[in-house]
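S.K.: Dropping the structure in here first, questions after.
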């Protein structure tokens, strides 16, 4: 259902855009394709990895480590993984969805997704370089704490 | 051609590994291929409109004009524009850092710069649509609501934690860069 709405919205935007400015629209489509092609290698790789993980690990194994009843430990594991890995959202969401549908808890997946997006251990040198050590450390630490809060709230709500 | 192989090397290597596993353990290999195929088709069916929206946002949103409205003393309106500016973005978090330097150069408040960084990291519209498509409305929208609160809190903490002296240094540094 959501996908159908998405196609309709994108289609309408595309028509309006091309009526207003044909060249700009062409540029937008080029950009769209380029962005997609940029992400495609990682995207294909993660899809194969998901297939392999899920064929070996069954629901009980996944839920043992990051299932809903693993509580804080599962959340901490998820945050650590999310903080150190540098994978784009377009690659992370399918992985998160696959794990969620196969035994992982919503709080744990929320912790993974939130820390993945807001915490960047790998990019911290770059951040220090621009904003200084203090700001970079405070931002990343608050983001870790925030991911914990998100996990708890979502654990209670979902 | 070599370039393509290089870029897709992990995919090909894993695919080969998967085939080998399939030969040794036919049961696991078969399941693995089935999951890969269904995941691939499912994702591929939602991705095209998301990337079209991403491209359209990129060409139609005039970032330089928006940056003008997030300057010092722009108040709540400035913060909301900073939030929007980050949300219409495309690209990884580290791509936001150079843009935030431009904002600093235009004397955008530290608070607004970190609102922008926060928005860029979590509330990007194409990403949000993809999150809804993959993880469902309930999950994605709950997380979005929490993220919006979190972005403001983190920006507030940073704004308070960095003293005037350090802020001045940041502005000077931004002026020297680019």
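Chains as they are written, first to last, in the working numbering: chain P, 169 to 326; chain U, -16 to 161. For glycine and all other residues, C-beta sits at the position ideal for the given N, C-alpha and C.
(1) Give me the DSSP bridge partner(s) of residue 91/U.
(2) Comparing alpha-carbon positions, which option in 273/P, 297/P, 290/P and 213/P lies nearest residue 229/P?
(3) With a 10 Å radius around its C-beta and 16 neighbouring C-beta atoms as the bar for buried, classify residue 160/U as buried or exposed.
(4) Closest by CA to residue 204/P, which one among 21/U, 27/U and 14/U?
(5) Under 8 Å, with one C-beta from each stretch per pair, do the segment 76 to 95 of chain U and the segment 212 to 231 of chain P reach the 3-pair mark?
(6) Determine, using beta carbons only, whether residue 312/P comes closer than 8 Å to chain U.
(7) May I ask you to verify whether the segment 97 to 110 of chain U touches the segment 275 to 294 of chain P, counting CB pairs closer than 8 Å and requiring at least 3?
(8) Contact defined as beta carbons within less than 8 Å: I believe residue 146/U pairs with residue 218/P. What is the distance between those atoms, to the nearest angstrom?
(9) Could you name the residues of the same chain whose beta carbon sits closer than 6 Å to that of residue 259/P, not counting the 5 residues immediately before and after it, in chain order?
(10) Mind listing which residues of the segment 274 to 304 of chain P have their C-beta closer than 8 Å to chain U's C-betas, in chain order?
(11) Between the C-alpha atoms of residue -3/U and residue -15/U, what's the straight-line distance to the nearest angstrom?
(12) Residues of the segment 205 to 227 of chain P with a CB closer than 7 Å to any CB of chain U: list them in chain order, please.
(13) Work out the CA separation of residue 30/U and residue 323/P for me, nearest whole Å.
(14) How many angstroms separate the CA atom of residue 178/P from the CA atom of residue 67/U?
(15) Give the interface partners of residue 203/P over in chain U, defined as CB-CB distance under 8 Å, in chain order.
(16) Quick check on DSSP: helix, strand or coil for residue 289/P?
(17) According to DSSP, simplified to helix, strand and coil, what is residue -9/U?
(18) Taking the beta carbon of residue 148/U as the centre, do at least 16 other beta carbons fall within 10 Å, making it buried, or is it exposed?
(19) What is the DSSP secondary structure of residue 35/U, counted as helix, strand or coil?
M.R.: The short version:
(1) Partner(s): 54/U.
(2) The option with the nearest alpha carbon to residue 229/P is 273/P.
(3) Counting other Cβ atoms within 10 Å of its Cβ, residue 160/U stays below 16 and is therefore classed as exposed.
(4) Looking at 21/U, 27/U and 14/U, the one whose alpha-carbon comes closest to that of residue 204/P is 27/U.
(5) Taking a cut-off of 8 Å for Cβ pairs, the segment 76 to 95 of chain U and the segment 212 to 231 of chain P do not touch, as fewer than three such pairs fall below it.
(6) No, its Cβ sits nowhere closer than 8 Å to a Cβ of chain U.
(7) Segments in contact, yes.
(8) With 8 Å as the limit, residue 146/U and residue 218/P do not qualify as a contact, their Cβ atoms being about 47 Å apart.
(9) Result list for residue 259/P: 210, 211 and 214, in chain order.
(10) Contact residues of the segment 274 to 304 of chain P toward chain U are 274, 277, 278, 281, 282, 285, 286, 288, 291, 294, 295, 298, 299, 300, 302 and 303 (C-beta to C-beta distance below 8 Å).
(11) Straight-line Cα distance between these residues: approximately 18 Å.
(12) Answer set for the segment 205 to 227 of chain P: 209, 212, 213, 215, 216, 217, 218, 219, 220, 222, 223 and 224.
(13) Here the alpha carbons of residue 30/U and residue 323/P stand approximately 28 Å from one another.
(14) Computed Cα separation, rounded: 19 Å.
(15) The contacting residues are 34, 37, 38 and 73.
(16) Residue 289/P: coil per DSSP, three-state reduction.
(17) Residue -9/U falls in the coil class under three-state DSSP.
(18) Its Cβ having fewer than 16 others within 10 Å, residue 148/U is exposed.
(19) Secondary structure of residue 35/U (DSSP, three-state): helix.
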